[in-house]
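Working notes for the structure below.
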Amino acid sequence: MIFQKWDDIPKMRIIHENIPPESVIELQMIVGEKQTLALWTFSEGSEVASHKHPHEQMSFIQRGRFLFRVEGEEEREVGAGEVVVCKSNVEHWLKALEDGSQDLQIFSPRRDDLLEFRGAYIPV
């Protein structure tokens with residue numbers, strides 16, 4: 004069992020091919036044996052390009068507002084307290100509509116790919 008204070012988890016700025024260079028997105032995450040918990044913090048207007056992955060993703064909006072699009076669904080604005088579920092291998096995209104917007108995501112199985120591009124992170 005692991006006990007961790009969220010404030011002790013390092014924040015990293017993400018630099019990745021799915022994220023336009025003008026977007027400022029920070030990440031804090033914990034990777035377990037079978038799942039990943041990730042808190043993404045966005046500056047206003049920051050976005051993650053349309054993409055898909057083999058992981059089921061649950062997004063729980065903690066703060067602010069996002070424009071969210073999931074393949075086969077209409078684009079929708081979501082805000083704090085709302086949850087978006089993306090099935091595995093389904094295209095999805097999001098854009099922050101407010102500075103400091105936060106999306107707490109749970110992935111299953113765990114996102115080893117997030118660990119692999121850790122070298123592309125810039126500590127905040």
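Note that my numbering has the sequence shown beginning at 4, numbered continuously upward. Don't be surprised by glycine CBs; every beta carbon is placed ideally from N, CA and C.
Item                                                                                    : Value
Spatially closest choice to residue 28 from 91, 17, 11, by CA coordinates               : 17
Nearest neighbour of residue 118, chosen from 67, 30, 22 [CA to CA]                     : 30
Nearest candidate by alpha-carbon position, reference residue 101, set 114, 91, 112, 70 : 70
Residue 117 (DSSP reduced to helix, strand or coil)                                     : helix
Among 65, 96, 95, the one whose alpha carbon lies nearest that of residue 83            : 65
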